[in-house]
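Asker: Numbering (the working numbering), first residue to last: 562 to 924. Using N, Cα and C, we set each Cβ at its ideal position, and we do this for glycine too. It should be emphasised that the depicted structure is a prediction, and the values quoted were computed from it without experimental measurement.
#1: Residue 655 and residue 634 look like a contact to me (Cβ under 8 Å); what is the Cβ gap, rounded to whole Å?
#2: Please state if the CB of residue 739 and the CB of residue 582 are separated by a distance shorter than 8 Å.
#3: How many angstroms separate the CA atom of residue 671 from the CA atom of residue 841?
#4: Restricting to Cα atoms, I'd like to know which of 823, 658, 813, 767 is closest to residue 783.
#5: Compare the Cα-Cα distances from residue 854 to each of 616, 720, 708, 571 and report the closest residue.
#6: If I measure Cβ to Cβ from residue 819 and keep anything under 7 Å in the same chain, skipping five residues before and after, which residues do I get?
#7: Skipping 5 residues on each side, what residues in its chain have a beta carbon closer than 6 Å to that of residue 711?
#8: According to the Cβ coordinates, are residue 742 and residue 580 closer than 8 Å?
#9: Residue 714 to residue 596, Cα distance in whole Å?
#10: Taking its Cβ as the centre, do 16 or more other Cβ atoms sit within 10 Å of residue 716, making it buried, or is it exposed?
#11: Give, in chain order, every unbroken run of the beta strand (DSSP E) that is at least 3 residues long and sits entirely within the region 630–714.
#12: Return the first residue and the last residue of the alpha helix (DSSP H) that residue 583 is part of.
#13: Around the Cβ of residue 765, are there at least 16 other Cβ atoms within 10 angstroms (buried) or fewer (exposed)?
#14: Within the same chain, show all residues whose beta-carbon is closer than 7 Å to that of residue 868, passing over the 5 residues directly before and after it, in chain order.
#15: Cβ atoms of residue 606 and residue 585: under 8 Å apart, would you say?
#16: Going by DSSP in three states, residue 924 sits in which element: helix, strand or coil?
#17: When burial is assigned at 16 or more other CB atoms within 10 Å of the CB, is residue 799 buried or exposed?
#18: State the DSSP-derived secondary structure class of residue 833, mapped to helix, strand or coil.
#19: Is the beta carbon of residue 535 sitting closer than 8 Å to the one on residue 786?
#20: Quick one: complete alpha helix (DSSP H) runs, 4+ long, within the region 735–808?
#21: Which same chain residues, not among the five before or five after residue 572, have their C-beta less than 7 Å away from its C-beta?
#22: With DSSP run on the structure shown, which of helix, strand or coil describes residue 825?
#23: Could you tell me the alpha carbon to alpha carbon distance between residue 613 and residue 594, rounded to whole angstroms?
#24: Can you tell me whether residue 916 is helix, strand or coil according to DSSP?
#25: Of the residues 631, 705, 588, which one's Cα is nearest the Cα of residue 570?
#26: Under DSSP, the beta strand (DSSP E) around residue 866 begins and ends at which residues?
#27: Using a threshold of 8 Å, state whether the C-beta atoms of residue 535 and residue 772 are closer than that.
#28: Give me whichever residues DSSP pairs with residue 564 in a beta bridge.
#29: Which whole-angstrom value is the C-beta distance of residue 835 and residue 576, which I expect to be below 8 Å?
#30: Per DSSP, what kind of secondary structure is residue 716 in: helix, strand or coil?
#31: Would you tell me roughly how many angstroms separate the C-alpha atoms of residue 861 and residue 899, rounded to the nearest one?
#32: Looking at the unbroken beta strand (DSSP E) that takes in residue 876, where does it start and where does it end?
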């Protein structure tokens with residue numbers, strides 16, 4: 562069976578790109594495609610691949626910001642050449658499921674989230690109201706196009722029950738739930754502690770990292786922030802001297818930081834939240850807002866700490882609790898292994914077998 566793997570864009574390295582790397586290993590696709598590709602930001606598993614891009618690639622190469630290309634993305638995906646494949650698997654938090662499979666082929670969409678800038682505008686544009694005002698007149702068009710694209714997909718797979726519920730609410734369609742994978746064995750509990758808390762995230766306003774900074778300051782704790790993104794300038798402005806912005810780090814350095822931290826702060830509502838499962842694999846607790854994927858990852862007081870409201874006081878209290886209460890590292894690690902790569906691979910293969918009416922082999 563010939564498979565095409567389609568991703569939104571390779572212009573950043575985050576959780577969605579780690580999922581694509583595993584999908585690539587599982588599916589061994591004949592074609593990999595995206596709207597635009599910055600080869601400097603490819604996951605290592607795809608570094609040597611020929612990756613098809615859309616007609617928007619020259620615009621990105623000429624310096625056009627990705628956000629400015631958004632109105633062109635649906636048509637760009639519809640125009641991708643995916644000839645000769647039996648199955649298209651799209652990985653999307655934006656428009657990749659607009660890709661059109663060739664006649665007779667099936668389409669499975671793995672959805673990280675319905676596009677936030679279309680369906681969660683208040684949250685996505687929290688600190689970017691001018692951009693929201695520019696986009697708002699086009700929202701109705703974007704939403705109609707999104708609904709048409711989802712209606713064409715043969716099978717929806719959501720990364721969490723939270724995302725599946727949003728797909729049902731927005732598009733009126735059910736989705737299978739297959740949680741995204743972590744490489745659990747890459748993380749190991751360590752006895753030595755840094756005495757600092759940790760954030761690992763894309764730096765975007767909807768992540769609410771301002772709460773992590775304020776809560777750490779409230780209790781006089783150090784905070785390390787791993788990740789890049791457009792909210793960096795604002796976060797630096799509000800951060801005190803004991804906040805370190807470390808940028809993008811190699812995976813091994815992230816794993817060491819997780820194993821040494823007092824806890825991983827996740828103050829935003831995550832669609833799933835790979836970093837929460839990863840820090841569990843390192844034997845340390847996630848401290849997360851009790852919403853979205855956190856409810857599927859964290860058992861409060863046993864495999865992490867859930868924070869009921871998004872306030873500085875509530876997160877400060879949970880951070881103190883994390884320092885006072887020692888959780889069983891074995892329970893944390895066991896929780897993380899629910900999301901290990903082999904579990905994901907088996908679940909995806911099972912869904913594909915149902916979609917194509919076979920065991921999905923050979924890839």
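Answerer: Short version:
#1: For the purposes of this step, residue 655 is taken as the residue at position 94 of the chain shown. For the purposes of this step, residue 634 is taken as the residue at position 73 of the chain shown. That belief holds up - the Cβ atoms of residue 655 and residue 634 are roughly 7 Å apart, short of 8 Å.
#2: Taking the first residue of the chain shown as 1, we reach residue 582 at position 21. Taking the first residue of the chain shown as 1, we reach residue 739 at position 178. At the C-beta level, residue 582 and residue 739 stay beyond 8 Å of one another.
#3: Here residue 671 corresponds to residue number 110 of the chain shown, with the count starting at 1. Here residue 841 corresponds to residue number 280 of the chain shown, with the count starting at 1. Separation of residue 671 and residue 841 (C-alpha to C-alpha, rounded to the nearest whole angstrom) is 24 Å.
#4: Against the chain shown, residue 783 aligns to sequence position 222. For the residues 823, 658, 813, 767, the minimum Cα distance to residue 783 belongs to 823.
#5: Along the chain shown, one-based indexing puts residue 854 at 293. Ranking 616, 720, 708, 571 by Cα distance to residue 854 puts 720 first.
#6: Walking along the chain shown from the start, residue 819 turns up at place 258. Closer than 7 Å at Cβ, skipping near neighbours: 748, 759, 825, 839, 840, 843, 845.
#7: The count along the chain shown starts at 1 and reaches residue 711 at position 150. Result list for residue 711: 732, in chain order.
#8: Here residue 742 corresponds to residue number 181 of the chain shown, with the count starting at 1. Here residue 580 corresponds to residue number 19 of the chain shown, with the count starting at 1. Their beta carbons are under 8 Å apart, which means residue 742 touches residue 580 by this criterion.
#9: The residue labelled residue 714 in the question sits at position 153 within the chain shown. The residue labelled residue 596 in the question sits at position 35 within the chain shown. Each residue's alpha carbon lies about 18 Å from the other.
#10: Start at 1 with the first residue of the chain shown, and residue 716 comes out as number 155. Buried.
#11: The region 630–714 contains, as complete beta strand (DSSP E) runs of 3+ residues, the segments 648–653, 667–672 (chain order).
#12: Against the chain shown, residue 583 aligns to sequence position 22. Boundaries of the alpha helix (DSSP H) harbouring residue 583: 576–588, taken from the DSSP string.
#13: Stepping through the chain shown from its first residue, residue 765 is reached at position 204. Counting Cβ neighbours within 10 Å, residue 765 comes out buried, since at least 16 surround it.
#14: Along the chain shown, read from residue 1 onward, the residue named residue 868 stands at position 307. For residue 868, same chain residues with a beta-carbon under 7 Å away, outside a window of 5 residues either side, are 848, 849, 850, 851, 875, 876, 879 in chain order.
#15: Locating residue 585 in the chain shown gives position 24, where the first residue counts as 1. Locating residue 606 in the chain shown gives position 45, where the first residue counts as 1. Result yes, Cβ atoms of residue 585 and residue 606 sit closer than 8 Å.
#16: Counting from 1 along the chain shown, the entry for residue 924 is found at position 363. Bear in mind that a pLDDT of 45 at residue 924, under 50, signals an unreliable position, so the model cannot answer this.
#17: Taking the chain shown and counting its residues from 1, one reaches residue 799 at position 238. Around the CB of residue 799, fewer than 16 other CB atoms lie within 10 Å, so the residue is classed as exposed.
#18: The count along the chain shown starts at 1 and reaches residue 833 at position 272. DSSP, read as helix, strand or coil, puts residue 833 in coil.
#19: Beyond the ends of the chain as shown, which are 562 and 924, falls residue 535; an answer cannot be given.
#20: If we require 4 residues or more, the alpha helix (DSSP H) runs fully inside the region 735–808 come out as 770–780, 793–799.
#21: What you label residue 572 is simply residue 11 of the chain shown in a count that begins at 1. Closer than 7 Å at Cβ, skipping near neighbours: 597, 599, 602, 627.
#22: For the purposes of this step, residue 825 is taken as residue 264 along the chain shown, with counting starting at 1. Under the three-state reduction of DSSP output, residue 825 falls in the strand class.
#23: To locate residue 613, count along the chain shown from 1; it is residue 52. To locate residue 594, count along the chain shown from 1; it is residue 33. Straight-line Cα distance between these residues: approximately 4 Å.
#24: As a working mapping, residue 916 is identified with position 355 in the chain shown. For residue 916, the secondary structure class from DSSP, reduced to helix, strand or coil, is helix.
#25: The residue labelled residue 570 in the question sits at position 9 within the chain shown. Distance check between residue 570 and each of 631, 705, 588 places 631 closest, using alpha-carbon atoms only.
#26: As a first step, residue 866 is located in the chain shown; it is residue number 305 there, counting from the start. Run containing residue 866: 866–868, per the beta strand (DSSP E) assignment.
#27: Nothing can be reported for residue 535, as the shown portion of the chain is limited to 562 through 924.
#28: Here residue 564 corresponds to residue number 3 of the chain shown, with the count starting at 1. Beta-bridge analysis with DSSP links residue 564 to 648.
#29: Counting from one through the chain shown, the residue named residue 835 turns up at place 274. Counting from one through the chain shown, the residue named residue 576 turns up at place 15. Confirmed, about 4 Å.
#30: As a position in the chain shown, residue 716 is number 155, starting the count at 1. DSSP places residue 716 within a strand segment (E or B) once states are collapsed to three.
#31: Start at 1 with the first residue of the chain shown, and residue 861 comes out as number 300. Start at 1 with the first residue of the chain shown, and residue 899 comes out as number 338. Distance from the CA of residue 861 to the CA of residue 899, rounded to the nearest whole angstrom, comes to 17 Å.
#32: Locating residue 876 in the chain shown gives position 315, where the first residue counts as 1. Residue 876 -> not in any beta strand (DSSP E); alpha helix (DSSP H) instead, spanning 873–885.
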